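The structure appears right after this line, and notes come after that.
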Amino acid sequence: MKTILSILVLGLLPVEMYADQTMIPEPAIMQFIVNFDREISGLMDAYLEAVPECPVYPDTPVRLWVLDLAWIRADGAICEAETLAAVFPDSIAEAWLSYLDASAAYLRVFSDIQRTYHETVVPDHSVCIELENELLIADSLWRHYEMNLFKMFTEEEIL
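Heads up, the sequence shown is in this note's numbering, so the first residue is 126 and it goes up one at a time.
Right, dumping it as structure tokens:
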């Protein structure tokens, strides 16, 4: 039977550590991950709400504030999430970092869209279509790493 010790990692993140140095994130961390996942998945929702048609036309009501709010929330979540790799066992840390990298790449594409719509009232049609395609690719890649991470959590019996 393993002995469990409660510790604090980075001063804020509680984990359970077995005597053999295996760390298991506590429910608060898992809830943070679920919330983080929600913020990143919200990027596509925000885009679809903010940009009702692609390409946009002069009469298309682009809701810039929706793009801005989604960016702020996702950027803040990524900044917080970067500190979490230390709380996972090695078997999951790599999947977490890949997921985090995919999340950051997704946010970069979203930022390009946000910047384009802020700088140009009616962006060039080919630019709109290209950015939307990049967003769809980033979303697919992010979902791949998301599924891989949650599969690892299940295999390690963390979820």
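We treat Cβ as the ideally placed atom computed from N, Cα and C, and that holds for glycine. This one's a predicted model, so the numbers in the text were calculated from it and none came from an experiment.
Restricting to Cα atoms, I'd like to know which of I238, D200, P183 is closest to I254.
Taking only the C-alpha atoms, the option nearest I254 is I238.
Kindly indicate which three-state DSSP category F213 falls into: helix, strand or coil?
Three-state DSSP puts F213 in coil, outside helix and strand.
Tell me the rounded alpha-carbon separation between D145 and I158.
Caution applies to D145, whose pLDDT of 45 falls short of 50 and renders its modelled position unreliable; the model cannot decide the point.
Hey, L168 and F235 are a contact pair by Cβ (cut 8 Å); roughly how many whole angstroms apart?
Sure, about 5 Å apart at Cβ, within 8 Å.
Would you identify the three-state DSSP class for P152, choosing helix, strand or coil?
Of the three classes helix, strand and coil, the one that applies to P152 here is helix, per DSSP.
Could you compute how far the alpha carbon of E257 sits from the alpha carbon of C179?
Using only the alpha carbons, I get a separation of about 8 Å.
Helix, strand or coil for Y182 per DSSP?
Coil.
Quick one: what does DSSP say R268 is sitting in, helix, strand or coil?
Note: R268 maps to helix in three-state DSSP.
For the alpha helix (DSSP H) containing E205, list its first residue and its last residue.
That run of the alpha helix (DSSP H) goes 189-206.
Using a Cβ-Cβ cutoff of less than 7 Å, which residues in the same chain neighbour E244 once the five nearest sequence positions on both sides are dropped?
Result list for E244: empty, nothing under 7 Å.
What is the DSSP secondary structure of T245, reduced to helix, strand or coil?
Here T245 sits in coil by DSSP.
On the premise that A175 lies in contact with V191, defined as a C-beta separation below 8 Å, what is that separation, rounded to the nearest angstrom?
Indeed they touch by this definition, with Cβ atoms about 4 Å apart.
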